[in-house]
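Just so you know, the sequences run in chain order D and C. Residue numbers for the first sequence follow my numbering, so the first one is 180 and each next one is one higher. Residue numbers for the second sequence follow my numbering, so the first one is 754 and each next one is one higher. Virtual Cβ for every residue (Gly too), placed ideally from N, Cα, C.
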Amino acid sequence: MSCQVRGAPRRALPLLLLLPSMLLLAALVIYPTLFTVRNAFYYWNLQTSPRPLMFVGWENFRYVLSSTPFFPALRNTLVIATAGTVVELLLGLGVALLLLTHLPGTRLLRTLLIMPVAVAPIVVGFLFRYMYYEQGGLIPWFLTLLRLPVPPEGLLGSARTALPSVLLADVWQWTPFFALVLYTGLLGISQELVDAARVDGARGGQLVWHIYLPMVWPSAAIVCMIRFMQLFNLFDLVLVLTRGGPGTATYTLAYLLYQEGLVNYNIGTASAMTLIIVALVLLLLNIYARYAFRRWEW
Amino acid sequence: MVMRYVVLYALLGLCALFFLGPIAWFAALALRPQETAFSTPPVFLFRPQLDAFRYTFLDPGTNAPQLRNSLVVSLGATLANLPFALPAAYALSRFALRGKRSIMLWYMSLIVAPPVVYLIPYFIFMTRLHLRGTYLSMILLMLTITVPISVWLLRSFIDEVPVELEEAARVDGAGTWAVWRYVTLPLCAPGLVVTSMFAFVFAWNNAVFPLVLSTQETATLPIGTLAYFATAGVTWNYIAAAAVAAMLPPMLIFLALGRYLVRGLTFGALKG
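Structure representation (structure tokens):
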């Protein structure tokens, strides 16, 4: 829907309008990029020297891959991003279908349901750290009530339960987001289509699988993409809940990078790690953009 | 048939309990007597008191300056982002541009980039410039998120202003500036307000940049709350009181946003 404008100055107008934001962002991004690319090849610990010490070639990359918990962190990150997106999508679909019954009270619930999304992720960390507390926390108490086993070192302290526990906090926060998006999408499905499927004998799960899910998939795909990328960057929850522990059980790439750069002050190796992570993010974004925005009108 | 309703309402109740319970439980922590914070079994009934809020925000008011810091940084990141985002959104909405898809995806890549990757270079850069701990350093870094989000979101609003109205005004002799000022801007004003509200929430809830760039004097509310964990004998009532104050503004904004929530949370990718 472009305007009918003629002449060179008019053609320059859109570029002029884009320029301020692109220049600002480029300026903000270019500095860290140059800094990171350069320092990825230098030995530099900020505690011992204010400047890079010496050129070490690819040594930092070798160090990141062999002497830091990079691969456990990568594995955790992929598990969190995949499991989180899938669980939130499915639970969200369930909640959306529940809201779609339009029983008295669902309107109020729909309004209030979005509240977890408004909470800062770091504050969600506070909430769940309190509820996971070994002695007197609400969740261990509830599990004991159901006669379910609770590890003596606490849900966040046991290597087996720590990662799912961190994930639960994220699922709690973001399932309502999926529910709201899917509910809005489901509203748009014509009742005739549903009735027709019913006449053809579709019931419950079949209806969901063959009618509801395909109809909302274009919007669900975009939300899945956004959520997957946000989960890939998961940092705040790990910082408050587990600090990566026990051992390396809950290290994510973002937390490992923070640890390496801003706790251990190994700027060189952190820069190498940054380059690897950014390459992964760009790769994922390209795959996703191609798929999720396939039918998008630019 | 009755059975169906029982099951549905049980599920709805479970839903409400699961998603709203934790918030209520934390708000209760801010209001309950300190000694009941970790009782087993949990104490559900108690006489609410405002001691924790008094301590955190009035006397000695440990977190009161942090509330102000949060406001300054979030408002700064919101107001500073509009002059950059608005023209770009207009250009992306109204002109046939070569490479528009790449430009939009470039903004999207900034939205989903891990914030931690900016942190290390800027930690060193801002320290060298003696800017670490200033509001400016935090606001600048927040712009890396708020500007691209606002571009995407505002574009979706400007897309909805009928281009025919602009053409009609142009036929009547209005210049580019007049069309923009008297036709497009008033019509996309609600979108501008919604976008600003989202930018504010995203900046308010961002804890990664202040975590590293703020000092004790300029710490935002979540970072100030984090400091309680460093003290011996974590005082959970105070953490809860500060956290409730940090939760309220975004919650109220989300309640006010209503039908724009889907659009804002997907950065305008879905109209909702």
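When the Cα atoms are used, what is the spatial distance from D:C182 to C:D912?
Residue confidence for D:C182 is low, a pLDDT of 47 falling below 50, so the modelled location carries little weight and cannot support an answer.
Compare the beta carbon distance of D:G447 and D:F220 with 9 Å and say whether it is the shorter of the two.
yes
Which residues mark the beginning and the end of the alpha helix (DSSP H) in which D:Y444 is found?
Premise fails: D:Y444 is in no alpha helix (DSSP H) and is neither H nor E.
Could you name the residues of the same chain whose beta carbon sits closer than 6 Å to that of D:T354, not counting the 5 residues immediately before and after it, in chain order?
E267, L270 and G271
Would C:L784 and C:P795 qualify as a contact pair, given that the criterion is a beta-carbon distance under 9 Å?
It is not a contact, given that the beta carbons lie outside the stated cut-off.
Mind listing the chain C neighbours of D:P393? Cutoff is C-beta to C-beta under 7 Å, in chain order.
What D:P393 touches in chain C: nothing, since even the nearest Cβ is about 17 Å away.
Are C:A993 and D:F305 touching if we call contact CB-CB under 9 Å?
yes
Please list, in chain order, all residues of the same chain as C:A790 whose beta carbon is under 7 Å from its beta carbon, the five residues on each side excluded.
L782, W989 and N990
Give me the chain A residues within the contact set of D:F414, using Cβ-Cβ distance strictly less than 7 Å, ordered along the chain.
The question asks about chain A, but that chain is absent: this structure's protein chains are D and C.
Going by DSSP in three states, C:M754 sits in which element: helix, strand or coil?
coil
Hey, would you say D:A341 sits closer than 9 Å to D:L416, going by beta carbons?
No.
Determine the extent of the alpha helix (DSSP H) in which C:K853 is found, giving its start and end residues.
Here the alpha helix (DSSP H) through C:K853 covers K853 to V865.
I'd like the span of the alpha helix (DSSP H) that includes C:S949, first residue to last.
L938 to W957
9 Å is my cut-off, CB to CB: does D:W396 come that close to chain C?
D:W396 does not count as touching chain C.
With 9 Å set as the bound, which would you pick, yes or no: does the beta-carbon of D:R185 sit closer than that to a beta-carbon of chain C?
Low confidence applies to D:R185: its pLDDT is 46, below 50, so where it sits in the model is not reliable, and the reading given next is rough at best. By this cut-off, D:R185 is not an interface position.
Pick helix, strand or coil for C:F910, following the three-state DSSP scheme.
Helix.
When burial is assigned at 16 or more other CB atoms within 10 Å of the CB, is C:E919 buried or exposed?
Counting of Cβ neighbours within 10 angstroms places C:E919 among the buried residues, the total reaching 16 or more.
Comparing alpha-carbon positions, which option in D:L202, D:P328 and D:T280 lies nearest C:W859?
Answer by Cα proximity: D:L202.
Does any residue of chain C have a CB that is nearer than 9 Å to the CB of D:V298?
yes
Quick one, which residues of the stretch 340–360 of chain D are near chain C if we go by CB-CB under 7 Å, in chain order?
W351, P355, F356, L359 and V360
Please go through the same chain and pick out, in chain order, the residues whose beta-carbon is closer than 7 Å to the beta-carbon of D:R469, but skip the five residues on each side of it.
none
So, with DSSP's three-state summary, where would you put C:N816?
coil
Assign C:M891 to buried or exposed, taking buried as 16 or more other Cβ atoms, counted over all protein chains shown, within 10 Å of its Cβ.
buried
According to DSSP, is C:F848 helix, strand or coil?
Three-state DSSP puts C:F848 in coil, outside helix and strand.
For the stretch 989–1007 of chain C, which residues have a CB atom closer than 7 Å to at least one CB atom of chain D, in sequence order?
W989, I992, A996, A999, M1000, P1003, M1004 and F1007
Please specify which runs of the alpha helix (DSSP H), each continuous and at least 4 residues long, are wholly inside the stretch 298–381 of chain D, giving them in chain order.
Runs of the alpha helix (DSSP H) spanning 4 or more residues and lying entirely within the stretch 298–381 of chain D occur at 300–311, 317–324, 341–366 and 370–378, in chain order.
The stretch 786–797 of chain C: which residues have C-beta closer than 8 Å to a C-beta of chain D, in chain order?
A790, F791, S792, T793, P794 and P795
D:V302 versus chain C: which residues are under 7 Å apart at the beta carbon?
By Cβ distance, chain C contributes P975, A996, A999 and M1000.
Compute the beta-carbon to beta-carbon distance between C:V914 and C:T937, rounded to the nearest angstrom, for a pair I have assumed lies under 8 Å.
6 Å
Tell me which residues of the stretch 435–464 of chain D have at least one Cβ-Cβ distance to chain C shorter than 8 Å, keeping chain order.
L436, Y437, G440, L441, I446, A449, S450, T453, I456, V457, V460, L461 and L464
With DSSP as the reference, please indicate the residues paired to D:M522 in a beta bridge.
The requested residue 522 of chain D does not occur in the structure, where chain D is confined to residues 180 to 477.
For chain C, check one thing: does any of its Cβ atoms lie closer than 9 Å to the Cβ of D:M180?
Note that D:M180 has pLDDT 41, beneath the 50 cutoff, so the model's placement of it is unreliable and no number is given.
What is the C-beta distance between D:L359 and C:V1015, in whole angstroms, given that I count them as a contact (C-beta under 8 Å)?
6 Å
For D:P199, does the three-state DSSP call read helix, strand or coil?
In the structure shown, D:P199 sits in a helix (DSSP, three-state: H, G or I).
D:L432: which of C:P867, C:L835, C:L761 and C:A972 sits nearest, CA to CA?
C:P867
Starting from C:Y935 and walking both ways along the alpha helix (DSSP H), at which residues does that stretch end?
It is not in any alpha helix (DSSP H) - C:Y935 carries neither H nor E in the DSSP assignment.
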